[in-house]
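Just so we're aligned: the sequence shown equals residues -10 to 262 in the working numbering.
Glycine is no exception: its CB is placed at the ideal position from the N, C-alpha and C atoms.
Here the structure is a predicted model, which means the values were calculated and not measured.
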Amino acid sequence: MRQRAIGPTVLALLIWMSLLTACGNDTPQAQVSSTPTPAPSYSPPPPAPEVGSCHDLTYQQATAATQNSDPIPCTKPHTSRTFATGTLDQLRDGHLLAVDSKAAQRNLTTTCTDRMAQFLGARTPELQLTQFKAIWFTPSFAQADDGSNWFRCDLVALKRDGELMRLPSAPKGILGRAGDSPYATCGAGTPGSADFKKVACAVAHQWRATKAIEIPAKTRYLDPAQTQSADASCKDVAAGAAGSNLKFRWVFTWPTKQQWHSGVRAGICWLPA
């Protein structure tokens, strides 16, 4: 039998296929890495603030929602002292509240104000007679995302609007001690007038906040009948202070609308300094 010769066309096809195979064999293969993927790093949230720590804050820092200044020794001049800390109550009807929500802030207003009264040795209405104020701080959004849920209540004292005073070295129980205090509330100008300003009694003043007159909780703000009743109570205070002097002055003022909405239910009886 005759063998069939391979023609030029078939030979060319075989050569092309061999070249294709050779090229395919030269293709580099992907290498599988044996190095394990590192686990994501975890940084624990910063520790909660400590009760008793002191800070030298500016007014702007004191009115901010968050604050990250380092504490300083309380033996050094300072304007802020942490008197209470705790865990934020962020649950309402099964929902988690943001740290800056109105509900969370209202709760902090009540909590820190009540705890400040206990710390200073006074009833809550009597805080109207002092320039000591409670401020509070919460974690930043980044800290909250990392799991921080603390709150911090600090004591500050207003010398005048926009300016803080240096705090005393031992403020705990200070309102329960006898004697005049430079941190008491006094007034520059006539109470109730447009130019009247509350100041610390350490500053030049003409009037002094003498008594906190409590207002029933369900009273309508600026209620005329309650105003008349409170004014009569203030007059009695003035008469007692005047003794045998038949000429005396007094002024009763309501809390500001902002104070009223935050829960303050006591006005101030002012007498001349």
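Pull up the CB-CB distance for residue i and residue j, whole angstroms please, since I reckon it's below 8 Å.
i, j, result
"residue 37", "residue 127", "So it is not a contact: roughly 11 Å between Cβ atoms."
"residue 198", "residue 174", "4 Å"
"residue 148", "residue 188", "7 Å"
"residue 101", "residue 125", "5 Å"
"residue 172", "residue 119", "6 Å"
"residue 203", "residue 114", "5 Å"
Is residue i helix, strand or coil by DSSP?
i, result
"residue 284", "In the structure as shown, the chain starts at -10 and stops at 262, and residue 284 therefore has no counterpart that could be examined."
"residue 200", "strand"
"residue 304", "Any property of residue 304 remains undetermined from this structure, which presents the chain solely from -10 to 262."
"residue 216", "helix"
"residue 10", "For residue 10, the predicted model reports a pLDDT of 44, less than 50, meaning its position is unreliable; a value from the coordinates is still stated below. Helix, per DSSP."
"residue 189", "strand"
"residue 173", "strand"
"residue 288", "Here the chain covers residues -10 to 262 and nothing more, so residue 288 does not appear."
"residue 255", "strand"
With a threshold of 16 other CB atoms inside 10 Å of the CB of residue i, please say whether the residue is buried or exposed.
i, result
"residue 256", "buried"
"residue 49", "exposed"
"residue 243", "buried"
"residue 108", "buried"
"residue 176", "buried"
"residue 241", "buried"
"residue 245", "exposed"
"residue 74", "buried"
"residue 235", "exposed"
"residue 121", "buried"
"residue 131", "exposed"
Please confirm whether residue i has its beta-carbon closer than 9 Å to some beta-carbon of chain D.
i, result
"residue 156", "Considering every chain present, this structure includes no chain D. It has just one protein chain."
Inset, instruction - Could you tell me whether the stretch 60 to 74 touches the stretch 153 to 162, where touching means 3 or more Cβ pairs closer than 8 Å? - result: Contact holds: three or more Cβ-Cβ distances are below 8 Å.
Legend entry - the stretch 220 to 233 in contact with the stretch 244 to 255 per 3-pair CB rule at 8 Å: no
Legend entry - Three CB pairs or more closer than 8 Å across the stretch 132 to 151 and the stretch 207 to 227: Not touching, per the Cβ criterion.
Inset, instruction - Quick one: which unbroken alpha helix (DSSP H) runs of 4-plus residues sit fully inside the stretch 98 to 166? Chain order, please. - result: Considered as a whole, the stretch 98 to 166 harbours 130 to 134 as its complete alpha helix (DSSP H) runs of no fewer than 4 residues, in chain order.
Inset, instruction - Taking 8 Å as the threshold, find out whether the stretch 162 to 181 comes into contact with the stretch 94 to 104 through three or more Cβ pairs. - result: no
Inset, instruction - List in chain order: all unbroken alpha helix (DSSP H) runs of 4+ residues lying wholly within the stretch 220 to 252. - result: 246 to 250
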